[in-house]
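Asker:
In my numbering, the protein residues as written are 217 to 817.
The structure is reproduced here in structure tokens:
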């Protein structure tokens with residue numbers, strides 16, 4: 217009887233092929249449930265969750281209304297577009313989102329990136345949301361979330377700081393109601409403001425500054441202790457944006473009833489539901505009609521920054537509020553991509569996670585992603601029933617809301633940390649901020665990424681060498697230890713560096729100098745801590761005897777052993793192992809050489 221023998225792993229199970237494991241992963245019921253998280257949390261929904269989600273949803277909804285209107289105006293869009301981007305992406309995220317705290321909607325950074333395209337045509341906003349959603353969905357489906365790992369923390373922080381500075385500077389025009397444009401960069405906004413500073417309107421300036429002061433005071437209300445006063449302070453602090461905007465709108469409406477219009481108002485908002493359908497794939501700019509390809513050319517490569525920023529913002533927020541738990545990056549990308557596609561189908565602008573509203577959502581005690589549904593319902597009721605009331609919202613009050621929100625985003629404390637720990641990363645942060653503020657946010661993040669790449673290339677081309685002096689018998693030896701990966705970029709530099717290490721001509725009193733009586737007679741190249749080495753670097757090791765050519769006779773005699781050892785390795789792994797063997801081989805031979813010398817004497 218013939219027997220069939222299967223290959224088994226250490227557990228005794230028959231190993232599956234990679235294709236079968238992938239098929240099981242993609243086609244299993246559990247995998248599909250993870251891709252639609254509502255099927256996981258909804259069956260376990262409890263009644264006590266309902267009150268928590270309801271309170272959190274109303275709280276975040278009251279903040280989403282003024283911020284949605286404000287961010288739409290930042291992008292140059294009709295105010296209702298910002299509200300639509302809070303409604304439908306919120307519904308979609310409650311279905312596909314994996315983090316209960318994250319609140320999706322328009323953000324200041326995406327609005328700033330979108331503004332220059334909207335200046336040509338409003339249709340670019342809807343198409344940008346659609347294209348961003350498709351790109352993010354594709355990245356999620358293909359599980360390419362690791363691409364984001366190449367954007368470092370200093371680049372993200374620098375980009376966020378530059379964006380906050382640009383957005384806050386752009387609000388100076390609305391805050392003080394000066395003439396001219398708000399500018400496309402931080403520098404342009406400041407130049408325009410000081411150029412037209414004589415056109416400041418007093419009442420708008422007073423209302424804007426009063427709004428900022430009121431928001432800061434409400435934010436710092438004492439919420440500790442118990443009692444009714446503490447509860448009122450807590451809710452007033454959480455709803456501070458809505459309270460300030462409501463107070464400004466009430467003041468403007470009262471003055472308007474008496475025929476006084478001292479403030480620039482938000483104006484008429486088209487209420488009701490949007491027109492559902494595919495985004496426009498052609499538009500009219502001036503007297504010319506642009507087709508889909510021409511619209512893509514307007515976006516250019518810079519347009520790719522929007523989906524990148526959307527993903528970075530949402531995932532960074534999800535990780536920040538995960539409380540140490542893991543975040544399914546792939547699922548977050550799928551959720552954010554679906555949210556943007558939904559926004560484009562409902563005349564919305566690009567959307568992603570908002571740090572301010574997410575922090576408020578968590579502070580309000582949200583229990584499940586159903587809080588996003590309540591928030592979307594609150595905004596929907598507002599845009600359908602209260603659209604006429606939004607007419608009286610002063611633009612200066614909205615500008616104050618944005619400026620205060622940007623204050624919480626700007627983070628200069630990281631500069632001290634980077635300066636103390638890694639000045640190279642601090643330079644990367646500085647490059648990102650300066651270029652982003654002067655030339656544009658897209659160029660800022662691009663230059664920051666290039667600066668990071670330059671740091672990595674420099675580290676690969678100039679590996680660190682750790683030297684250690686020791687004795688084998690009476691012979692002075694030096695060990696030079698290589699750590700990590702040694703790439704081909706260091707093949708020419710490493711022999712020169714070894715020569716400088718062995719013979720340091722900068723000081724005749726150096727213990728490494730040839731003129732010193734303590735000069736090492738044996739050089740040990742320690743490769744035990746090298747986990748990968750390129751062929752060019754291994755061949756470089758043959759130059760070590762030439763490095764030692766100017767040293768004493770004993771070292772030259774030792775050096776003749778090394779090329780023979782190196783030539784035995786025909787593959788990278790063998791060369792790597794050979795380096796380990798050489799260390800032991802040289803130390804042993806140094807002992808033999810010392811004994812021979814003692815016998816001669």
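Ideal Cβ positions, reconstructed from N, Cα and C, are used throughout, including at glycine.
Rounded to whole angstroms, what's the CA-CA distance from residue 420 to residue 427? Just pull it up for me.
Answerer: Against the chain shown, residue 420 aligns to sequence position 204. Against the chain shown, residue 427 aligns to sequence position 211. In a straight line, the C-alpha of residue 420 is about 10 Å away from that of residue 427.
Asker: Any idea which residues DSSP pairs residue 686 with across the strands?
Answerer: On the chain shown, residue 686 is found 470 positions in, with the first residue counted as 1. According to DSSP, residue 686 bridges with 693.
Asker: So residue 284 and residue 301 are supposed to be a Cβ contact under 8 Å. How far apart are they, rounded?
Answerer: Along the chain shown, read from residue 1 onward, the residue named residue 284 stands at position 68. Along the chain shown, read from residue 1 onward, the residue named residue 301 stands at position 85. Confirmed, Cβ separation roughly 7 Å.
Asker: Kindly indicate the opening and closing residues of the beta strand (DSSP E) around residue 504.
Answerer: Within the chain shown, the letter at position 288 stands for residue 504. 504-506 is the extent of the beta strand (DSSP E) around residue 504.
Asker: When burial is assigned at 16 or more other CB atoms within 10 Å of the CB, is residue 410 buried or exposed?
Answerer: Against the chain shown, residue 410 aligns to sequence position 194. Exposed.
Asker: Per DSSP, what kind of secondary structure is residue 403 in: helix, strand or coil?
Answerer: Within the chain shown, residue 403 is the residue found at index 187, counting from 1. Residue state, collapsed to three classes: helix.
Asker: Between the stretch 476-489 and the stretch 602-611, can you find at least three pairs of beta-carbon atoms closer than 8 Å?
Answerer: Cβ pair count under 8 Å is three or more, so yes.
Asker: By the three-class DSSP mapping on this structure, what secondary structure does residue 701 have?
Answerer: Translated into positions along the chain shown, residue 701 becomes position 485. DSSP places residue 701 in strand when its eight states are reduced to three.
Asker: How far does the beta strand (DSSP E) with residue 584 in it extend, from its first residue to its last?
Answerer: In the chain shown, counting from the first residue as 1, residue 584 sits at position 368. Neither: residue 584 is in no beta strand (DSSP E) and is coded neither H nor E.
Asker: Could you say which of 350, 247, 439 and 463 lies nearest to residue 550 if we only look at CA atoms?
Answerer: The residue you call residue 550 lines up with position 334 of the chain shown. Among 350, 247, 439 and 463, the Cα nearest to that of residue 550 is on 350.
Asker: Of the choices 577, 287, 320 and 675, whose alpha-carbon is the least far from that of residue 268?
Answerer: Along the chain shown, read from residue 1 onward, the residue named residue 268 stands at position 52. Of the candidates 577, 287, 320 and 675, the one whose C-alpha sits nearest the C-alpha of residue 268 is 577.
Asker: List, from N- to C-terminal side, the beta strand (DSSP E) runs of 3 residues or more that fit wholly inside the stretch 487-563.
Answerer: If we require 3 residues or more, the beta strand (DSSP E) runs fully inside the stretch 487-563 come out as 499-501 and 504-506.
Asker: What distance in whole Å lies between the Cβ atoms of residue 699 and residue 682, which are believed to be in contact at a cut-off of 8 Å?
Answerer: Counting from one through the chain shown, the residue named residue 682 turns up at place 466. Counting from one through the chain shown, the residue named residue 699 turns up at place 483. 7 Å between Cβ atoms; contact.
Asker: Which first and last residues belong to the alpha helix (DSSP H) in which residue 291 is found?
Answerer: Mapped onto the chain shown, residue 291 falls at position 75. First-last of the alpha helix (DSSP H) with residue 291: 263-291.
Asker: Look up residue 323 in the DSSP assignment and say whether it is helix, strand or coil.
Answerer: Counted from its first residue, the chain shown places residue 323 at position 107. Of the three classes helix, strand and coil, the one that applies to residue 323 here is coil, per DSSP.
Asker: Could you give the first and the last residue of the continuous alpha helix (DSSP H) run that contains residue 295?
Answerer: Counting from 1 along the chain shown, the entry for residue 295 is found at position 79. 295-312 is the span of the alpha helix (DSSP H), which, as asked, contains residue 295.
Asker: Return the CA-CA distance between residue 538 and residue 317, expressed in angstroms with no decimal places.
Answerer: Position 322 of the chain shown, counting from 1, holds the residue named residue 538. Position 101 of the chain shown, counting from 1, holds the residue named residue 317. Answer to the nearest angstrom: the Cα atoms are 8 Å apart.
Asker: Does the stretch 559-568 touch the stretch 325-333, meaning 3 or more C-beta pairs lie closer than 8 Å?
Answerer: The stretch 325-333 is in contact with the stretch 559-568.
Asker: Measuring CB atoms only, is the stretch 350-370 touching the stretch 589-605, in the sense that at least three cross pairs come out at less than 8 Å?
Answerer: Result no; under three Cβ-Cβ pairs closer than 8 Å.
Asker: Where does residue 742 fall in DSSP's three states?
Answerer: For this step, residue 742 is matched to residue 526 along the chain shown. Residue 742 falls in the strand class under three-state DSSP.
Asker: Quick one, are the C-beta atoms of residue 656 and residue 457 less than 8 Å apart?
Answerer: The sequence position of residue 656 within the chain shown is 440, counting from 1. The sequence position of residue 457 within the chain shown is 241, counting from 1. Cβ distance not < 8 Å, so residue 656 and residue 457 don't count as in contact.
Asker: At which residues does the alpha helix (DSSP H) containing residue 625 begin and terminate?
Answerer: Residue numbering aside, residue 625 sits at position 409 when the chain shown is read from its first letter. Residue 625 -> alpha helix (DSSP H) spans 611-625.
Asker: Give me the Cβ distance between residue 424 and residue 612, rounded to the nearest whole Å; I'm assuming they're in contact under 8 Å.
Answerer: Numbered from its first residue, the chain shown carries residue 424 at position 208. Numbered from its first residue, the chain shown carries residue 612 at position 396. 4 Å between Cβ atoms; contact.
Asker: Going by DSSP, what residue range makes up the alpha helix (DSSP H) through residue 415?
Answerer: Against the chain shown, residue 415 aligns to sequence position 199. Counting along the chain, residue 415 falls outside any alpha helix (DSSP H), and DSSP gives it neither H nor E.
Asker: Of all the options 473, 450, 620 and 333, which has the alpha carbon lying nearest to the alpha carbon of residue 510?
Answerer: Taking the chain shown and counting its residues from 1, the one referred to as residue 510 is at position 294. Selected option, being the one with the closest Cα: 333.
Asker: Considering Cα atoms alone, identify which of 348, 315 and 644 is closest to residue 330.
Answerer: Within the chain shown, residue 330 is the residue found at index 114, counting from 1. Considering only alpha carbons, the answer is 348.
Asker: Can at least three beta-carbon pairs, one atom from the stretch 621-640 and one from the stretch 500-517, be found at a separation below 8 Å?
Answerer: Output reads no: the stretch 500-517 does not touch the stretch 621-640.
Asker: Quick one: measure Cβ to Cβ for residue 652 and residue 374, integer angstroms, because I've assumed they're closer than 8 Å.
Answerer: Counting from 1 along the chain shown, the entry for residue 652 is found at position 436. Counting from 1 along the chain shown, the entry for residue 374 is found at position 158. So it is a contact: roughly 7 Å between Cβ atoms.
Asker: Can you tell which of 273, 531 and 438 has the C-alpha that lies nearest to the C-alpha of residue 585?
Answerer: Within the chain shown, numbered from 1, the residue matching residue 585 stands at position 369. It is 273 whose Cα lies nearest to the Cα of residue 585.
Asker: Kindly indicate the opening and closing residues of the alpha helix (DSSP H) around residue 642.
Answerer: Mapped onto the chain shown, residue 642 falls at position 426. Segment 639-654, the alpha helix (DSSP H) holding residue 642.
Asker: Can at least three beta-carbon pairs, one atom from the stretch 635-649 and one from the stretch 445-453, be found at a separation below 8 Å?
Answerer: No, the stretch 635-649 is not in contact with the stretch 445-453.
Asker: Below 8 Å between beta carbons: does that hold for residue 745 and residue 697?
Answerer: Translated into positions along the chain shown, residue 745 becomes position 529. Translated into positions along the chain shown, residue 697 becomes position 481. Closer than 8 Å, so yes.
Asker: What does the alpha-carbon distance come out to for the pair residue 315 and residue 306?
Answerer: Along the chain shown, one-based indexing puts residue 315 at 99. Along the chain shown, one-based indexing puts residue 306 at 90. Residue 315 and residue 306: Cα-Cα distance of roughly 13 Å.
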